[in-house]
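Novice: Letter by letter, the sequence shown follows residues 7 to 181 of the numbering used here.
Where a beta carbon is used, it is the ideal one built from N, C-alpha and C, also for glycine.
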Amino acid sequence: MAQQNSTPTLSKSNVSDQRFAAGHESSPKNDISLSDLLLARQRIRAMCDESSPCEEVEAKPMAVLMRLQHLKMFSRGQSPLQKDDVATLHRQQFDKKLKAQFPDMNQRTFHHHEIYDLLIGLNAFCAMGGWYVRENNQEMIVHTCYGSIFPGLRFKKQGETYRCVGFNFNIRLAS
């Protein structure tokens, strides 16, 4: 009895096998006619033959590598744009003006609320834009934004107080 969805099996050999005789219907698993899968495979091969040369394919990974290198430099503060912004702040002597405005910053400890008072003083001192606070369980960072860099002060936690450990032209959180 023939199955509903079967097609004749085509024999490739001259010797006929009784189990798979030419012209007899068989199950779909023995079907060697062109199925959707074979047609799709042929289409993919045809597309690969028509595809662009290898040189263009190799250019894409180079572009990705160049972008990755740029992001690495940018995250380390070594991009040309960041170096120019740091040089501009050096020429303006921003760090020296900050030390002159707040001379005892490195000698004293600050309570949590005193850092926010310092933040108000920094906003009045410099018109770069807003100063912001970021903190975690080990430190507190007071920073602003200048072009592509983030100049700021790092405060390390010592018990219930914080001590200013320094200024950085492009500060990052330690963790």
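What residue does the alpha helix (DSSP H) around residue 119 start on, and which one ends it?
Specialist: Per DSSP, residue 119 belongs to the alpha helix (DSSP H) from 118–131.
Novice: For residue 87, collect the residues of the same chain with a Cβ closer than 6 Å to its Cβ; drop the 5 residues on either side in sequence, then sort them by chain order.
Specialist: The answer, listed in chain order, is 154.
Novice: For residue 143 and residue 73, I'd like the C-alpha separation in whole angstroms.
Specialist: In a straight line, the C-alpha of residue 143 is about 34 Å away from that of residue 73.
Novice: Give the C-beta separation of residue 92 and residue 121 to the nearest angstrom, bearing in mind that I take them to be a contact with Cβ-Cβ under 8 Å.
Specialist: At roughly 24 Å, the Cβ-Cβ gap does not stay under 8 Å, so residue 92 and residue 121 are not in contact.
Novice: So residue 150 and residue 158 are supposed to be a Cβ contact under 8 Å. How far apart are they, rounded?
Specialist: Indeed they touch by this definition, with Cβ atoms about 7 Å apart.
Novice: Considering only DSSP beta bridges, list what residue 145 is partnered with.
Specialist: BP columns for residue 145 point to 162.
Novice: So, with DSSP's three-state summary, where would you put residue 177?
Specialist: Residue state, collapsed to three classes: coil.
Novice: For residue 169, which residues does DSSP report across the bridge?
Specialist: Its beta-bridge partners are 115 and 162.
Novice: Classify residue 152 as buried or exposed, calling it buried when 16 or more other Cβ atoms lie within 10 Å of its own Cβ.
Specialist: So residue 152 ends up on the buried side.
Novice: I'd like to confirm the pairing. Which residues does DSSP put opposite residue 50 in its beta bridges?
Specialist: BP columns for residue 50 are empty, so no partner.
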